[in-house]
Amino acid sequence: LEASNEITLIFYVVLNLLYSQETQRRFFPVFPILPTSEHFSSVLQLIVHILVFRKMAADTTKKVQEYKDTLIKEAEDLIIRGFPEKIVKLNEILATPEFANRNFADVYQELNIPVPDAIPVNSYGDAKEDPPPTKKARMETTVSGTKVMALPSGSVHCNAPICDLIKIVKPVIRGLVEDSNVLKMWISFLIPKIEDGNNFGVSIQEDTLSEIQTVESESAAFFEQISRYFISRAKVISKVAKYPHVEDYTRAVHELDEKEYLSLWLVMCEVRNRYCSLHDIVTKNLEKLKKPRSSNAESLY
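Counted from 1, the sequence shown has number 364 at position 225 by the working numbering; the numbering is strictly sequential.
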C-alpha cells in the first residue's frame with residue numbers, strides 16, 4: 140500500500156495510541172494498519188476527516204491570498220491611473236456653472252407656506268362698565284404658536300437646486316471613502332513583521348496609514364453633514380409653519396440653504412484636495428511603502 144509522507148505520519152501518530160511498541164516494530168515497515176483490527180474503521184474515518192479539514196484550510200488560505208493579491212493590484216492601479224483621473228474629473232466638475240458661479244440666487248426657493256391674515260382682537264371698552272376678567276399673573280418665557288394639522292398649499296418641498304448638487308457630491312464622497320479603504324488595506328498588507336532595527340521604512344508606512352485613515356474618517360463625516368442639513372431645515376420649516384408671521388424663521392431657511400450651497404462646493408474642493416494629497420504622499424514614498432526594509436539590512440539577520 141503506497142501513501143504520501145503526510146498520510147504515513149498521521150497513521151504513525153494514530154498507531155502510537157492504538158498499538159503497542161512491539162506491534163509497531165513488527166508491522167510498521169509494511170504498513171501499520173491491520174485490516175483485522177477492530178479500530179480500523181474509526182481510524183480510517185479519523186484520517187479522512189483530518190485530510191478533508193486540511194484541504195478546506197488550504198482552499199481558504201488560497202482564497203485569502205487571492206483577495207490580498209487582487210486588492211494590492213487594485214491599489215497600485217488607483218495610485219498610477221485612478222487618482223490622477225479623478226483629480227482631473229473633479230476639477231472639471233468644479234469648473235461647471237453650478238459650482239463655479241456660487242450665486243446664492245440660484246438656490247433660492249419659496250417655502251409655499253402662506254401667511255394667514257391677522258386675527259382681530261376685541262377690546263373691552265370702558266374699564267368701569269365692562270372690566271376684563273381678572274387672571275392671576277403668570278411668568279412665561281415661551282410663546283405657543285398655532286397648531287399645524289396640514290399646510291393649505293400642500294407639502295413643503297426640499298430645495299431642488301441643493302438636491303441636484305447633492306446628487307453630484309454624494310457619489311464623489313463615497314468614491315473617496317472606498318478608495319481610502321483600499322489604500323489603507325494595501326499598506327496594512329505591506330507592513331512587514333516586527334523586528335528590531337531598520338524600521339525607518341516601517342515608520343513611513345505607519346505615518347502614511349495614519350494619514351489615509353484620517354482622510355477616510357473625514358470623508359465619512361461629509362455624509363453626516365448632508366443629513367444634518369435636512370434635519371436642520373425641517374426643524375426651521377416647522378417653526379415657519381407654526382409661527383408664519385415671524386419672518387426671521389423664513390429668512391433662517393434661506394440662510395441655511397445658502398450655507399449648504401457653499402458647504403457642498405467646499406466639500407468638492409476638499410475631496411479634490413484629499414485625492415491630491417494622497418496621491419502626492421504615496422508616490423513620493425512608493426519605494427519605501429513597497430519595500431520598507433532594504434535587502435542589505437535583511438541579510439544581516
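Virtual Cβ for every residue (Gly too), placed ideally from N, Cα, C.
Outcome for residue i when other beta-carbon atoms lying within 10 angstroms are tallied against a minimum of 16
| i | result |
| --- | --- |
| residue 198 | exposed |
| residue 174 | Confidence in residue 174 is poor, its pLDDT being 46 and thus under 50, which makes the residue's placement unreliable; the coordinate value appears in the next sentence. When all chains shown are included, residue 174 counts as exposed. |
| residue 171 | Caution applies to residue 171, whose pLDDT of 46 falls short of 50 and renders its modelled position unreliable; the value that the coordinates give is listed next. That one is buried. |
| residue 219 | exposed |
| residue 216 | exposed |
| residue 235 | exposed |
| residue 383 | buried |
Three-state class that DSSP yields for residue i in the structure shown
| i | result |
| --- | --- |
| residue 248 | coil |
| residue 200 | helix |
| residue 330 | coil |
| residue 403 | helix |
| residue 253 | coil |
| residue 389 | helix |
| residue 416 | helix |
| residue 297 | coil |
| residue 290 | coil |
| residue 433 | coil |
| residue 242 | coil |
Proximity below 8 Å, CB of residue i to CB of residue j
| i | j | result |
| --- | --- | --- |
| residue 251 | residue 396 | no |
| residue 195 | residue 311 | no |
| residue 378 | residue 348 | no |
| residue 357 | residue 320 | no |
| residue 428 | residue 344 | yes |
| residue 376 | residue 295 | yes |
Continuous alpha helix (DSSP H) stretch holding residue i: start and end
| i | result |
| --- | --- |
| residue 367 | 339 to 381 |
| residue 223 | 222 to 233 |
| residue 217 | Run containing residue 217: none; DSSP gives neither H nor E here. |
| residue 236 | 236 to 239 |
| residue 425 | 425 to 429 |
Residue i versus the options, residue with shortest Cα-Cα distance
| i | options | result |
| --- | --- | --- |
| residue 244 | 398, 332, 424, 253 | 398 |
| residue 309 | 363, 374, 333, 350 | 363 |
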